[in-house]
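J.: Here it is, the structure in full.
Number of protein chains: 2
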Amino acid sequence: MKTIKKLTVDLGERSYPILIGEDLLQSPNVFSPYIHGKQILVVTNETIAPLYLQSVVDSLLAYQVDVVVLPDGEEYKTIETLGAIFDQLLLKSHNRTTTLIALGGGVVGDMTGFAAACYQRGVNFIQVPTTLLSQVDSSVGGKTAVNHPKGKNMIGAFYQPQCVIADTSTLNTLDDRQLRAGLAEVIKYGLIADAEFFFWLEDNVDDLLKRNSAALAYAIECSCQNKAKIVSQDEREGGIRAILNLGHTFGHAIETAQSYKDWLHGEAIAAGMIMAAELSCAMGWISSEDVDRTRELFLRCDLPVTPPAIMTHQKFVELMAVDKKVMDGSLRLVLLKAIGHAEVTANFDHEKLSDILRFYD
Amino acid sequence: MKTIKKLTVDLGERSYPILIGEDLLQSPNVFSPYIHGKQILVVTNETIAPLYLQSVVDSLLAYQVDVVVLPDGEEYKTIETLGAIFDQLLLKSHNRTTTLIALGGGVVGDMTGFAAACYQRGVNFIQVPTTLLSQVDSSVGGKTAVNHPKGKNMIGAFYQPQCVIADTSTLNTLDDRQLRAGLAEVIKYGLIADAEFFFWLEDNVDDLLKRNSAALAYAIECSCQNKAKIVSQDEREGGIRAILNLGHTFGHAIETAQSYKDWLHGEAIAAGMIMAAELSCAMGWISSEDVDRTRELFLRCDLPVTPPAIMTHQKFVELMAVDKKVMDGSLRLVLLKAIGHAEVTANFDHEKLSDILRFYD
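Residue numbers (numbering that gives the first Met the number 0), protein chains in the order written: chain A, 0 to 360; chain B, 0 to 360.
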C-alpha cells in the first residue's frame, strides 16, 4: 500500500479531508466513505475522460452512476456549460441525496462545485483534481464559480466539498504547459505565506519540472497545508483569505481580455504576481532583489513575467474595476511585505500602479 | 403615520425583519437601514415598473441606482433571464458591497434572490413583494431559485434577504386572478399549522376577496408569522420546513407540464392541496368532511380543485420523480393529519396515491 497523506480543512461542521497519494484512483473504496446516497454524477472533460473515467466508474459499482463529459478549456467555464450538468441530473432523475464527482482540472472542479451548490439548492460533491493547479489550489477551499464575458469567476458560491482526492499519478499524463501553470500557484504559497517553502522551491524547481514524484508530493502537500490554514481562518474571504489572490487582480483582467482562450490561469497570474511584486517594490515594501529572484523562479518554469501585448493601461483599468476585492469603488490589491508575507490593502500609491500599468502599454 | 407591523425571521446571524404596512414604499428611509454599500440594482418586471419603480428609485437618491426590467411571467423564471441581471451588474461595475432590490412578485423575488446569492459569490438583497402570494410566502424564508424545463425551482440556493418590505397598498393594483392565487398560499398556512386561522378564513374570505384592507393585513401577518416560525426551526429544510410544501409536489408537476405558462403557482397548488387532502382522507388521516370544507374554501376563491386535463397518471409519475423531497428513490409527500396539522411522510399507501392520480386521467 502506498502512502496516503491526509490533511484537514478545518471549518467546523463543514470540515473535510484532503487525501494526497499515488494511484489513489486505483484504490478500492476510496470514494465510498464520502458518498451518502445512491446516485452519482461524474463530471469530467474530453481530455480526462479517456484517461481516468473508466477506473472511477469501475470503483462505483454499488451506485447509479451517470456521466457528463464537457469540452476542455477555460472558455467553456460558463453558465451555458453549467446547463449541460443540470440537464443530465434531471434527465436521470437525480435527487437531493445525489453526489457529484468533479474529475478534472480547475475548470471542471469550479463548475461541478457550483452545479452542486445550486442543484436542488445544494447537493454533495467530491473534488478529484487531475492537474497540478487544481491539486494545489482550486480544489481546496470551496470557491466555485463560472466566468462572465466581463469578469472571471463572477458568478458562483462558497460551497465546500465532502473531500478532495488528489491522485498524484494523474500528473504523469499532464502536458508540460499545464504542469508549469500549476507551479505558478505553488510558488504563490511561498510568496504569500511561507518563505521557507519559497527557498525550497528555488532549490528544487528543476526536480519539479522533471516530475520527480517525491518533490511533487512535497510541493502539493505544502501548498495544500498553506491553503487549508488560510481558508480555515476565513472561509468567506472577509479578510486574510484575500492574500490567496496575489497576482489575481492583474491575472483575471488578462484572462478576461483574452476571452479566457489564450493563456492558462497559472500563466496569467504569474505575470500578475510579478506586477504585484513590482508595485510592492515601488512602494518600498520589498527590495528589487526580491522582485528579481521571484521573476527568476518564474522564468525557470517558462512562465510569463510580463502581460501580453493586448493589455493596455486602459484595458487593465476597465477590467480591474469589477474585481471582487473592490469595496465601495476602491480597488484593493494583494501586495508583498516580504517574500513569505502578503497583505491586502487599498492604501497603495495609485500613481505608482498607473506607472506599472503604463509601462506595459 | 400608518401602523407598521414588524415580525422577525429568527435565524441567528442571518435573522431579518418583515415589515408589513400601508404605503411603506412612500415612507422616506424605508430602505436605508438595510443598505450597507453605495450601489443598488432594482430588479422588477414590465408590469410592476410603471406602477412602483419611480417611487422606489426616488427614495434612493443617495445611492448609485441601476435597474433591470424583466418580462413578466413564471415562464421567464429561467437561468437565461438570470443572465440579464448579471449583465447589468457587470456593465455598471457593481461590486461585492452592492444591494439588489427585488420589486415584484414571486418570480422577481426568486430570481433576484438567486442572482444575489451567486453574484461575486454572494451580495445583499432586499425583498419588496408586490403580490399577495409573494407577501405571504415566497419573499420570506430565503428559498431562491429558477425553473428548469424538467422541474420547478430545481436550480437555486437557500439565501436570506436583509429584510422583507411588504407594502399592502400594492395589492390595490393586483388583478383578481393574482389575488386569488395568493389566497391559496394563505389557506395553506391554516391547513398545515393553524386551525384557528383556517376557521377565520372560512368566516372572512369574502372580505379578503373584496380587498378589505384590515382583513388583508391580518391575513398577511398571520401567514408571515406561521412561515417565520417554521423557517426559524429548519432553515434548510432538513425536516419540518417541508410541510410548507403541502400540495406542491402535485402543483409543481402541473406547472412543469404546462411549461410554466398556463396556471399561476397558487392555482396549481390549490388543485395539489385538494389531491393531498384526498390522499390524507383515503389513508384515514382526515375525514371526508374536512376535504369537503377545504374544497369549498378554495371554490369560494374561484381556485381550481382538480388538475388540468393534460395531467395524466403517467405525467404525474414522471414529473414527481424529480421532486426535491424524493430521498434515495422514495417520494415523500406532505399530508394532513387534521386541519391545522400537516406531516411529511414516505409511508403513504402507494396504491391509494395511484388511485387518485388515475382518477383524473
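The beta carbon of each residue, even a glycine, is placed where N, CA and C say it ideally should be.
From residue 259 of chain B to residue 301 of chain A, what does the alpha carbon distance come to, in whole angstroms?
T.: If I take the Cα positions, the gap works out to 54 Å.
J.: Note down the Cα distance separating residue 135 of chain A from residue 360 of chain A, rounded to an integer number of angstroms.
T.: Spanning the two alpha carbons is a distance of roughly 33 Å.
J.: With a 10 Å radius around its C-beta and 16 neighbouring C-beta atoms as the bar for buried, classify residue 253 of chain B as buried or exposed.
T.: It is buried - the Cβ of residue 253 of chain B has at least 16 other Cβ atoms within 10 Å.
J.: What is the DSSP secondary structure of residue 187 of chain A, reduced to helix, strand or coil?
T.: Helix at residue 187 of chain A.
J.: Which whole runs of the alpha helix (DSSP H) in the segment 72-105 of chain B are 4 residues long or more, in chain order?
T.: If we require 4 residues or more, the alpha helix (DSSP H) runs fully inside the segment 72-105 of chain B come out as 78-90.
J.: Count the other CB atoms, across all protein chains shown, that sit within 10 Å of the CB of residue 287 of chain B; report buried if there are 16 or more and exposed otherwise.
T.: It counts as exposed.
J.: Check residue 296 of chain A in the structure and name its three-state DSSP category.
T.: Of the three classes helix, strand and coil, the one that applies to residue 296 of chain A here is helix, per DSSP.
J.: Is residue 313 of chain B buried or exposed, if buried means 16 or more other CB atoms sit within 10 Å of its CB?
T.: So residue 313 of chain B counts as exposed.
J.: According to DSSP, is residue 263 of chain A part of a helix, a strand, or is it coil?
T.: In the structure shown, residue 263 of chain A sits in coil (DSSP, three-state: anything other than H, G, I, E or B).
J.: In terms of alpha-carbon separation, which member of A/179, A/59, A/109, A/69 lies closest to residue 299 of chain A?
T.: That would be A/179, whose Cα lies nearest to the Cα of residue 299 of chain A.
J.: Just the chain A side, please: which residues come within less than 8 Å of residue 323 of chain B by C-beta, in chain order?
T.: 94, 95, 119, 120, listed in chain order.
J.: In the segment 146-170 of chain B, which residues sit with their C-beta less than 7 Å from some C-beta in chain A, listed in chain order?
T.: If the cut-off is 7 Å between Cβ atoms, the segment 146-170 of chain B has 147, 149, 150, 153, 154, 155, 156, 157 near chain A.
J.: Spell out whether any CB of chain B is found under 7 Å from the CB atom of residue 249 of chain A.
T.: Chain B contact via Cβ: absent.
J.: How about residue 326 of chain A: is its C-beta nearer than 7 Å to some C-beta of chain B?
T.: So yes, residue 326 of chain A belongs to the interface.
J.: What residues in the segment 60-86 of chain A bring their beta carbon closer than 7 Å to a beta carbon of chain B?
T.: Within the segment 60-86 of chain A, the qualifying residues are 78, 82, 85.
J.: So if I threshold CB-CB distances at 9 Å, which residues from the segment 28-49 of chain A count as touching chain B?
T.: Listed by position, the residues of the segment 28-49 of chain A near chain B (Cβ gap below 9 Å) are 36, 37, 38.
J.: Would you please state the rounded distance, in angstroms, between the beta carbons of residue 339 of chain B and residue 197 of chain B? I believe it to be under 8 Å.
T.: The pair is a contact, with the Cβ atoms about 6 Å apart (cut-off 8 Å).
J.: If you scan the segment 205-285 of chain B from start to end, which runs of the alpha helix (DSSP H) of 4 or more residues do you find wholly inside it?
T.: Complete alpha helix (DSSP H) runs here, min 4: 212-232, 247-256, 264-281.
J.: Considering only residues of the same chain and omitting the five flanking positions on each side of residue 153 of chain B, which have a CB-CB separation below 6 Å?
T.: 147.
J.: Going by beta-carbon coordinates alone, are residue 273 of chain B and residue 333 of chain B separated by less than 7 Å?
T.: It is not a contact, given that the beta carbons lie outside the stated cut-off.
J.: With C-beta atoms as the reference, is residue 62 of chain B less than 7 Å away from residue 37 of chain B?
T.: Going by C-beta atoms, residue 62 of chain B is nearer than 7 Å to residue 37 of chain B.
J.: Could you confirm whether any beta carbon from chain A is found closer than 7 Å to the beta carbon of residue 320 of chain B?
T.: Residue 320 of chain B counts as touching chain A.
J.: Please check if any C-beta of chain A sits within less than 7 Å of the C-beta of residue 356 of chain B.
T.: No, because no Cβ of chain A sits closer than 7 Å to the Cβ of residue 356 of chain B.
J.: For residue 309 of chain A, which residues of its own chain have a beta-carbon under 8 Å away from its beta-carbon, when the five flanking residues on both sides are left out?
T.: The residues are 256, 257.
J.: Whole angstroms are fine: how far does the CA of residue 131 of chain A sit from the CA of residue 247 of chain A?
T.: Whole-angstrom Cα-Cα distance: 18 Å.
J.: May I have the straight-line CA-CA distance separating residue 47 of chain A from residue 66 of chain A, to the nearest angstrom?
T.: If I take the Cα positions, the gap works out to 13 Å.
J.: Cβ of residue 371 of chain A less than 7 Å from any chain B Cβ?
T.: Outside the displayed span of chain A (0 to 360) sits residue 371 of chain A, for which this structure offers no information.
J.: Taking the straight line between their C-alpha atoms, what separation do you get for residue 42 of chain A and residue 192 of chain A?
T.: Distance between the alpha carbons of residue 42 of chain A and residue 192 of chain A: 33 Å.
J.: Candidates A/82, A/117, A/280, A/270: which alpha carbon is nearest residue 186 of chain A's?
T.: It is A/270 whose Cα lies nearest to the Cα of residue 186 of chain A.
J.: Go ahead and pull the three-state DSSP assignment for residue 63 of chain B.
T.: Residue state, collapsed to three classes: strand.
J.: Pick helix, strand or coil for residue 35 of chain A, following the three-state DSSP scheme.
T.: In this structure, residue 35 of chain A counts as coil in the three-state DSSP scheme.
J.: Using only alpha-carbon positions, find the residue among A/105, A/163, A/150, A/133 that is nearest to residue 123 of chain A.
T.: Measuring from the Cα of residue 123 of chain A, the nearest candidate turns out to be A/163.
J.: Do you know offhand how far residue 195 of chain A's Cα is from residue 181 of chain A's?
T.: Computed Cα separation, rounded: 19 Å.
J.: If I measure Cβ to Cβ from residue 44 of chain A and keep anything under 6 Å in the same chain, skipping five residues before and after, which residues do I get?
T.: So the qualifying residues of the chain are 69, 71, 103, 107.
J.: Mind checking the segment 203-217 of chain A against chain B and listing, in chain order, the residues whose C-beta falls within less than 9 Å of any C-beta there?
T.: Result list empty, no residue passes.
J.: Going by Cα to Cα distance, which pick from A/325, A/231, A/358 is closest to residue 7 of chain A?
T.: Ranking the options by Cα distance to residue 7 of chain A, first place goes to A/231.
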